[in-house]
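Number of protein chains: 2
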Amino acid sequence: MTTPLDPEMFDPVCPSGLMPFRVGDKWTGMIIQCLADGPRRFSELRVPLRNITPKVLTKSLRALERDGFVVRTESAGAPRHVAYRLTPLGRSLLGLLDAARAWAQEHLHEVLDAREAASGSRLPR
Amino acid sequence: MTTPLDPEMFDPVCPSGLMPFRVGDKWTGMIIQCLADGPRRFSELRVPLRNITPKVLTKSLRALERDGFVVRTESAGAPRHVAYRLTPLGRSLLGLLDAARAWAQEHLHEVLDAREAASGSRLPR
DNA sequence: CCGCATCCTATTCGATACTG
DNA sequence: CAGTATCGAATAGGATGCGG
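Next comes the structure, spelled out in structure tokens:
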């Protein structure tokens, strides 16, 4: 349930930036994936999202909270312990993310090929 | 097959801007919808996308072309006649768009409610 | 009819440094 | 540990006007 997140969870060679889909902002989809099998702490999330700055992660998490996809829970104690977990509404997005990944599995290479071909034939209109 | 596009096709009251998903840029998803049941002309596309400027529409269409989702065909003659149609790859996105709409049908109101509630309780952290 | 050229604004993302 | 504050670069999106 709470095994550590794989730092290689998001392949840098196939960043979701190449995907024709986005959920929320640049990081939202990956954050939701990270929360798929249990609550995670702020700094735990920063591991797979290797270079995310705290400011940007905070912003994405606040948006997810505001929209009811995620709840934030702070337990008293020092050092601080803050956890983020998906709500049922947040979990309702997982199916769509799966569908998107399935599409990518099947078709993304076609997009990359088309892009490659387009950068070859440079006949600007 | 080529009945005119409904100018009210995209409800201004529920713009896709509120959706937590995006395909490509702001207009891409709507363009693909417009092309779902047959080729369409440039100016035909501008109708349901009421306020789109030609520059922006062009940019989105070029991106769709580059990625292999759409093909552009220009028939000789004056005035010009340019049509855009989905490729099989482009059509492969329709299922995903349907799934996204189904999700929205079922859950978007929860998001809006959550957003509403959040704007009520203003306890900034 | 189908764009392109220019200019402008707002937002997004990130780097860096600092705090309870 | 979990953020906040400030700054800067890049990009998206749009308004307007011209051109083949």
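Chains as they are written, first to last, in full-length UniProt numbering: chain A, 1 to 125; chain B, 1 to 125.
All C-beta atoms in this analysis are idealised placements derived from N, C-alpha and C, irrespective of residue type, glycine included.
Test: residue i CB closer than 8 Å to a CB of chain A
| i | result |
| --- | --- |
| B/Ser60 | no |
| B/Gly77 | no |
| B/Glu110 | yes |
| B/Leu89 | yes |
| B/Pro20 | yes |
Where residue i meets chain A, residues with beta-carbon distance less than 9 Å
| i | result |
| --- | --- |
| B/Phe42 | Simply none; closest approach about 13 Å. |
Residue i to residue j span [Cα, whole Å]
| i | j | result |
| --- | --- | --- |
| A/His107 | B/Leu89 | 7 Å |
| B/Leu86 | B/Thr2 | 14 Å |
| B/Pro79 | B/Glu44 | 15 Å |
| A/Gly77 | A/Ser16 | 37 Å |
| A/Ala104 | A/Cys14 | 11 Å |
| A/Thr58 | B/Asp37 | 42 Å |
Minimum Cβ-Cβ distance from residue i to chain B less than 8 Å
| i | result |
| --- | --- |
| A/Val70 | no |
| A/Val23 | yes |
| A/Ala114 | yes |
| A/Arg85 | no |
| A/Ala118 | yes |
| A/Asp67 | yes |
Cross-chain neighbours of residue i in chain B, by beta carbon under 7 Å
| i | result |
| --- | --- |
| A/Ala100 | Leu96 |
Proximal residues of chain B, C-beta to C-beta of residue i below 8 Å
| i | result |
| --- | --- |
| A/Ser92 | Trp103, Glu106, His107 |
Beta-carbon proximity check, residue i vs residue j, cutoff 8 Å
| i | j | result |
| --- | --- | --- |
| B/Phe21 | A/Arg91 | no |
| A/Leu96 | B/Ala99 | yes |
| A/Leu18 | A/Pro48 | no |
| B/Ile31 | B/Ser60 | yes |
Anticipated Cβ contact below 8 Å, residue i with residue j, distance rounded
| i | j | result |
| --- | --- | --- |
| B/Arg41 | A/Arg115 | Not really, about 25 Å apart at Cβ, beyond 8 Å. |
| B/Ala63 | B/Gly24 | 6 Å |
| A/Val35 | A/Val71 | In the sequence under discussion, the amino acid at residue 35 of chain A is Leu, which differs from the Val named in the question. A/Leu35 to A/Val71, Cβ: 10 Å. No contact. |
| B/Gly68 | A/Val111 | 6 Å |
Within chain B, the residues that residue i reaches when beta carbons sit closer than 9 Å
| i | result |
| --- | --- |
| residue 137 of chain A | This structure gives no information on residue 137 of chain A, because the portion of chain A shown stretches from 1 to 125. |
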